[in-house]
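Engineer:
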């Protein structure tokens, strides 16, 4: 009996250690720096840190939160929501643009505290359940965020509906297997804004695409994502990082509400083209290494 009990204790100890979260350190200071929350357009609000974008979509049946930053973003997001005059506990739906620790750090805690349902691109489900350990690249750091169980698994063009708002999930893999963007419409003062929350497809590996054995279709996924992202119909856009859509060049703290700041489609296509050029250069280099 004592032997069985000892084995059980050892097993529990192993499981606990396996789930120990080791969020990578030495991250950019901007990732944890507070930033004034503000209204972007209609029912869309920015509630993230200086660079890690978190978005609150306010509906008549509760609210949707997209992305949660690092673990230390939790009090910032809470304060930002309160500052805007909304209730933290009114979050009914959680979702994300990519299953990396810098967008998932506080997800499990917020889900636990609010009881919100978590909607994810199905291709990122395993990464959420493993706390990032199963990621093809960042998995080398082990468990980088608290594992969390998704409630709903989505595929390309699936809808997330809450009250008067419907989000369309756009499957944009490459950066992670289930990277995605969101598209929805919002109205304000007679204006209709078709908003894209974009997950830009940056490359995070130094090795050849063909060497990524646990993501065999990575090169093909990137190619398809670039093509898909060129053909989205929108008139206002933001992204997973504030720096990706030049938030701090467009808007200064205390500036008045102005949705038109985020209508620079030219900048979107320039950013996308630069990333695609990086991708094509990598494909060229990978091909040369094989010869």
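Residue numbers (the working numbering): 3 to 293. Glycine included, each C-beta is placed from N, C-alpha and C at the ideal position. It should be emphasised that the depicted structure is a prediction, and the values quoted were computed from it without experimental measurement.
Whose C-alpha, out of 184, 142, 69, 177, is nearest the C-alpha of residue 162?
Structural biologist: With distances taken between Cα atoms, residue 162 lies closest to 184.
Engineer: Give every residue of the same chain whose Cβ lies closer than 6 Å to the Cβ of residue 278, excluding the five residues on either side of it in the sequence, and list them in chain order.
Structural biologist: So the list reads 228, once near-sequence residues are dropped.
Engineer: Rounded to whole angstroms, what's the CA-CA distance from residue 246 to residue 128? Just pull it up for me.
Structural biologist: Residue 246 and residue 128: Cα-Cα distance of roughly 27 Å.
Engineer: Do the region 241-256 and the region 36-52 make contact, defined as three or more Cβ pairs closer than 8 Å?
Structural biologist: Yes, the region 241-256 touches the region 36-52.
Engineer: Below 8 Å on the Cβ atoms is my guess for residue 99 versus residue 69; work out the distance and round it to an integer in Å.
Structural biologist: Sure, about 6 Å apart at Cβ, within 8 Å.
Engineer: My parser needs the beta strand (DSSP E) runs of 3 or more residues fully inside the region 155-225; what are they?
Structural biologist: The qualifying runs are 161-164, 167-173, 182-190, 193-200.
Engineer: Do the CB positions of residue 190 and residue 261 come within less than 9 Å of each other?
Structural biologist: Yes; because the gap between Cβ atoms is below 9 Å, this pair is in contact.
Engineer: Assuming residue 95 and residue 110 form a contact by the criterion Cβ under 8 Å, report the distance between their Cβ atoms to the nearest whole angstrom.
Structural biologist: So it is not a contact: roughly 15 Å between Cβ atoms.
Engineer: Count the C-beta pairs between the region 150-160 and the region 200-208 that are closer than 8 Å, then say yes if the count reaches three, no if not.
Structural biologist: Result no; under three Cβ-Cβ pairs closer than 8 Å.
Engineer: Hey, which unbroken runs of the beta strand (DSSP E) at 3 residues or more fall wholly within the region 32-58?
Structural biologist: DSSP runs (the beta strand (DSSP E)) wholly in the region 32-58: 40-43, 46-48.
Engineer: I'd like the list of long-range same chain contacts for residue 275, defined as Cβ closer than 7 Å, with 5 residues on each side in sequence excluded.
Structural biologist: Closer than 7 Å at the Cβ level, and outside the excluded window around residue 275, lies no residue.
Engineer: Have a look at the DSSP bridge pairing and note the partners of residue 119.
Structural biologist: Answer is 95.
Engineer: In terms of residues, what are the limits of the alpha helix (DSSP H) holding residue 130?
Structural biologist: It spans 127-132 - the alpha helix (DSSP H) in which residue 130 sits, taken as one unbroken run.
Engineer: Spatial neighbours of residue 40 within its chain, please: CB distance less than 6 Å, with the 5 preceding and 5 following residues excluded, ordered by chain position.
Structural biologist: So the qualifying residues of the chain are 48.
Engineer: Which term fits residue 30, buried or exposed, when burial requires 16 or more other beta carbons within 10 angstroms of its beta carbon?
Structural biologist: Residue 30 should be labelled exposed.
Engineer: In the DSSP assignment, find the beta strand (DSSP E) that holds residue 65 and state where it starts and stops.
Structural biologist: Run containing residue 65: 64-68, per the beta strand (DSSP E) assignment.
Engineer: Helix, strand or coil, according to DSSP, for residue 230 in the structure here?
Structural biologist: Helix.
Engineer: Taking just the CA atoms, how far does residue 103 sit from residue 82?
Structural biologist: Going by the C-alpha atoms only, they are around 20 Å apart.
Engineer: Please name the residue, chosen from 113, 46, 136, that lies closest to residue 264 on a Cα-to-Cα basis.
Structural biologist: It is 46.
Engineer: Taking C-beta to C-beta, are residue 59 and residue 71 nearer than 9 Å?
Structural biologist: No; because the gap between Cβ atoms is not below 9 Å, this pair is not in contact.
Engineer: Among 255, 186, 131, 138, which one has its Cα closest to the Cα of residue 177?
Structural biologist: Comparing Cα-Cα distances from residue 177 to each of 255, 186, 131, 138, the minimum goes to 138.
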